[in-house]
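For reference, the structure is listed below as structure tokens.
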Amino acid sequence: MRKIEAILDSFQLEEVKEALGLIGVRGMTVSEVKGTTPDPTTARYRGSEYAMHLVPKIRIEIAVEDDFADAVVRRLVVTANRGRLTDGTIFVLPMEDAVRIRTGEHGPDAI
């Protein structure tokens, strides 16, 4: 099993959810996070301009079987790629086990 974490611009959520649903992703966890950017944007607050080094992002976490991980990553890249520095990052991590609390199922049956 693999855990896929994608850090993306928050406005991409709906498009990404739809694209992943089309290839059979059944569930995901979405969190609002803040991330650094190599090219800080500027904002105005109470008449003062300042650099925003932490920008709003979303983190999508998806647990999948090993043979499905590449398809999910490819779909994320195709959907989220706009050719900008802030497009995001995808992390693929090995996942030792998963347990569905309601049924006690382990491993791929739990995801």
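Take the sequence shown: its position 80, counted from the start at 1, is 80 in the working numbering, and no numbers get skipped. Beta carbons: idealized from backbone N, C-alpha and C, even for Gly. None of the values given here were measured: they were computed from a predicted structure.
Residues Asp87 of the same chain have their beta carbon placed closer than 7 Å to that of Asn81, with the five preceding and five following residues left out of the count. If you draw a straight line from the Cα of Val72 to the Cα of Ile23, it is about 8 Å long. According to DSSP, residue pairing for Pro56 in a beta bridge involves Lys34.
For Glu61, the CB contacts under 6 Å within the same chain, skipping 5 residues up- and downstream, are Glu5 and Thr29 in chain order. Comparing alpha carbon positions, the residue from Gln12, Ile7, Leu20 and Glu15 closest to Phe68 is Leu20.
Assigned with DSSP and collapsed to three states, Arg74 falls in helix.
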